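Just add 58 to the spot in the sequence shown (first one is 1) and you have my numbering.
Where is the CB? At the ideal position from N, CA and C, for every residue including glycine.
No experiment lies behind these values; they were computed from the predicted model shown.
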Amino acid sequence: FIGRPEVSISPPLLGLETQKTGRTTERTTGEVIQVDLSTYVSYGPGKTALFTQQVGFSTKSAGGDSGSLILDMQNRPVALLFAGGDDMTVGSPIGEVLRLLGLSLTMPEAARMKIAELARDLGINLELTPPAQRRLGVI
């Protein structure tokens, strides 16, 4: 288990050291070996799809690992794994995935307010350090 991902993302730069935990291959490490990758992925007989602007990783993956978040060594998200094998794993750059889905990695305002409310009710002082504030999406 790698731990909780950071809120900030890491751009997929060549040579960037990465890690992921997959259902099948568990924790593996590697590095970015290709950027702006175009690849065909087979989804059965006569079912092939072309993916462009993807990222290639030296990380091993297998069936069941799809959907794993590929992180840099500081636990910042880099890509979302969707294809691969023993020699290379392919992921979609997480920044583009989030943009296309209209999502972000920050904590929703309602959740932050609920945490603050619960802390006040329990008499807990929520003085967070800047790194903790960034992790929670407060700053």
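A distance below 9 Å separates the beta carbons of LEU163 and SER66.
Put simply, the backbone Cα of GLN112 is about 10 Å away from that of GLU154.
Bounds of any alpha helix (DSSP H) do not take in LEU127; it lies within the beta strand (DSSP E) bounded by 127-130. In the DSSP annotation of this structure, the continuous segment of the alpha helix (DSSP H) that includes LEU156 starts and ends at 152-159. Between ASP130 and GLU75, the beta carbon gap of about 7 Å places them in contact (Cβ cut-off 8 Å). Each of THR87, GLY142 and ARG81 was checked against the Cα of PHE109, and the nearest Cα belongs to GLY142. The closest CA to that of LEU138, considering only LEU72, THR79, GLY73 and GLY61, is found on THR79. Contact between the region 118-130 and the region 92-102 is absent: fewer than three C-beta pairs spanning the two stretches fall below 8 Å. Contact between PRO70 and PRO151 is confirmed by a C-beta separation of about 6 Å, below the 8 Å threshold.
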